[in-house]
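Below: the structure, in structure tokens.
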Amino acid sequence: MKSPIRPKKHLGQHFLTDPNTARRIISALRAPSDAYVVEIGPGTGALTVFLQERYSQFETIEVDPQAVAYLRTSYPELRVREENVLSIDWEHVGNPPLYIIGNLPYNITSPVLFGLLAAHNVIAEAVLMVQREVAERIVAKPRTKAYGIPSVFAQLYARPSVLFKVSRNIFTPKPAVESTVIRLEFEGVEIPDVDKGLLHAVVRAGFSMRRKVLRNSLRQWVGERDIPDYWKRCRAEELSPADYVELARYLQNRRKQ
1 MKSPIRPKKH
11 LGQHFLTDPN
21 TARRIISALR
31 APSDAYVVEI
41 GPGTGALTVF
51 LQERYSQFET
61 IEVDPQAVAY
71 LRTSYPELRV
81 REENVLSIDW
91 EHVGNPPLYI
101 IGNLPYNITS
111 PVLFGLLAAH
121 NVIAEAVLMV
131 QREVAERIVA
141 KPRTKAYGIP
151 SVFAQLYARP
161 SVLFKVSRNI
171 FTPKPAVEST
181 VIRLEFEGVE
191 IPDVDKGLLH
201 AVVRAGFSMR
211 RKVLRNSLRQ
221 WVGERDIPDY
231 WKRCRAEELS
241 PADYVELARY
251 LQNRRKQ
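Heads up: the sequence shown begins at 1 in this note's numbering, then just goes up one per residue.
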């Protein structure tokens, strides 16, 4: 089936063409009928057509002017926000708590995810189609190859889960990678009481030298003699998200002394 919009490579557009998969993705979103739902990157409206039927409080975010024009013509009552999702301030969107859904372009998946995690206080849940490798990273456990910064942040601010795989054969154009649908649950997650800036800096510093022991990356905050032996011997990939919170708290307390 020919797409009504020509996919743009620089926007990472791969349009879903299978309505059954679209329905399955929407069914994974556990939003009540009166929830405020936001779709990221609707493109040709594969998800939009079903979401609009289900939710009265619904809007889309689309950066492609051609897609925006198509959506506004095809769905006159649809609220279309013509904006780059990376510039969205989620705290000023709709009526929180928000439910987010979308087929994310592969080239901006990570910054979109980090943006949603940063807005955890106004989002209830997100169901997203992402590159399979990204899905594997957000649920990865310590001491595994896939474990990294996305794993730590996703597991600190949400409950991530992998739902199902999606064949590359139901997109136009056909992507070079396989896709996976994930869920991020934000409601009910206990956010750690620690300096967030310090926590994020510690995680990023650790994984900048993931194969080396942490004493090398922690020297910017404390002298080597002030680093407990356990953390001196550990590598970034060996610490759980909870371990990073504990480490950040330790460094925070040392700075106050």
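Glycine included, C-beta positions come from ideal geometry on N, C-alpha and C.
- Runs of alpha helix (DSSP H) with 4 or more residues, each lying fully within the segment 190-227, are found at 196-208 and 215-218, listed in chain order.
- Between the C-alpha atoms of K212 and R219 there is a straight-line separation of about 13 angstroms.
- DSSP places G115 in the helix class (H, G or I) of the three-state scheme.
- Residues V80 of the same chain have their beta carbon placed closer than 6 angstroms to that of R72, with the five preceding and five following residues left out of the count.
- The segment 100-110 makes contact with the segment 7-17: 3 or more CB pairs, one atom from each, lie closer than 8 angstroms.
- Counting along the chain, Y99 sits inside no alpha helix (DSSP H); it lies in the beta strand (DSSP E) bounded by residues L98 to N103.
- V85 sits away from Q57, with the two beta carbons spaced by 8 angstroms or more.
- Within 10 angstroms of the beta-carbon of P111 lie fewer than 16 other beta-carbons, which makes it exposed.
- In this structure the segment 112-132 lies against the segment 172-187, because at least three pairs of beta carbons, one per stretch, are closer than 8 angstroms.
- Residue pairing from DSSP places P160 in a beta bridge opposite L184.
- The three-state reading of DSSP puts K9 in helix, counting H, G and I together.
- The residue among T180, A69, E238 and S151 with its C-alpha nearest the C-alpha of V130 is T180.
- For the alpha helix (DSSP H) assignment, the uninterrupted runs of no fewer than 4 residues enclosed by the segment 18-106 are, from N- to C-terminal side, 19-28, 48-54 and 65-74.
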